[in-house]
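Have a look at the structure below, then the notes.
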Amino acid sequence: MTTYFLLFLLDHFLSGRHADPSPGVVHGKADVRNLECTRLSQAVAHDRRPGEVAEPSPRVTWDRGSALVCRQRYVRLGERDPRDEAVLSSLGRHVGDITREASAAVAGDVVWHVDAFYPDLLVSAKIAVAAKTNLVETGRSVSDRVPLLAAGDLAVFGKLSPVRSLPMACVRYFAEGSLGPRDVLLAIALLDEQETQLHGGLCQQGTWRWLR
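The opening position of the sequence shown corresponds to residue 2 in our numbering, with each subsequent residue numbered one higher.
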């Protein structure tokens, strides 16, 4: 998978230019449209790609750089379901709004868990990864573990819409010990398959609340 990094720094801090994904001689407009890009802080980008992104200077506190991480789409533009395309094209903005609201709503030292509920499993995974990345970048403690339900609960809740199943599942997560007193689950779901709006909710100590 080809990955491009475009590091934005002031000119006098720029020591080298990485592969630029913008249209030009190397990349045509069609190629660029088939990239999916996410902006990361320079520190996070350096941790992931130390050989390609420089470590932030400890002497520079007023201007931290950022990196634009771009990957080629698994499905080229126009070949994906229109609803999925609409959700993914605005994923960063919508998930960013949800994670900011969730972070503001939860106080104290907690461990975050993230799960996404969307008809397409690949899109669902992208939603969850985007939310985890946002939480980590804001200094939250995030677990890779997803709370699980018993087979009997899954059989019942699987027949319900997320509007009904998520609050009920929240009660079961805490009752069965899948989520502890310090755990918070951020769930992001598509509530209406005719829409593209994602909705977020929080489960903490067996209590559910919708964010939007």
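Built from N, CA and C at the ideal position, the CB exists for glycine as well. A quick note: this is a predicted structure, and the numbers were derived from the prediction, not measured.
query                                                                                                          : result
Bounding residues of the alpha helix (DSSP H) (the contiguous stretch that carries V54)                        : No alpha helix (DSSP H) holds V54; DSSP gives it neither H nor E.
Whole beta strand (DSSP E) elements within the segment 66 to 142, 3-residue minimum                            : 67 to 73 and 112 to 118
Cα-Cα separation between V26 and R94, rounded to whole angstroms                                               : Confidence is the limiting factor: at V26 the pLDDT is only 44, short of 50, which leaves the residue's position unreliable and the question unanswerable from this model.
Reduced DSSP category for G181 - H, G, I as helix; E, B as strand; rest coil                                   : coil
6 Å CB neighbourhood of S144 in its chain, flanking five on each side removed                                  : V112 and H114
Sequence-distant residues of its chain with Cβ nearer than 8 Å to W209 (five each side left out)               : L167, P168, C171, V172, G202 and L203
Cross-strand partners of C204 (DSSP beta bridge)                                                               : L186 and W209
Validate contact between the segment 130 to 137 and the segment 91 to 111 using beta carbons, cut 8 Å, 3 pairs : yes
Bounding residues of the alpha helix (DSSP H) (the contiguous stretch that carries R165)                       : P163 to A176
Simplified DSSP assignment, three categories, for V26                                                          : At V26 the pLDDT is 44, less than 50, meaning the model places this residue with poor confidence; the figure from the coordinates comes in the next sentence. Note: V26 maps to coil in three-state DSSP.
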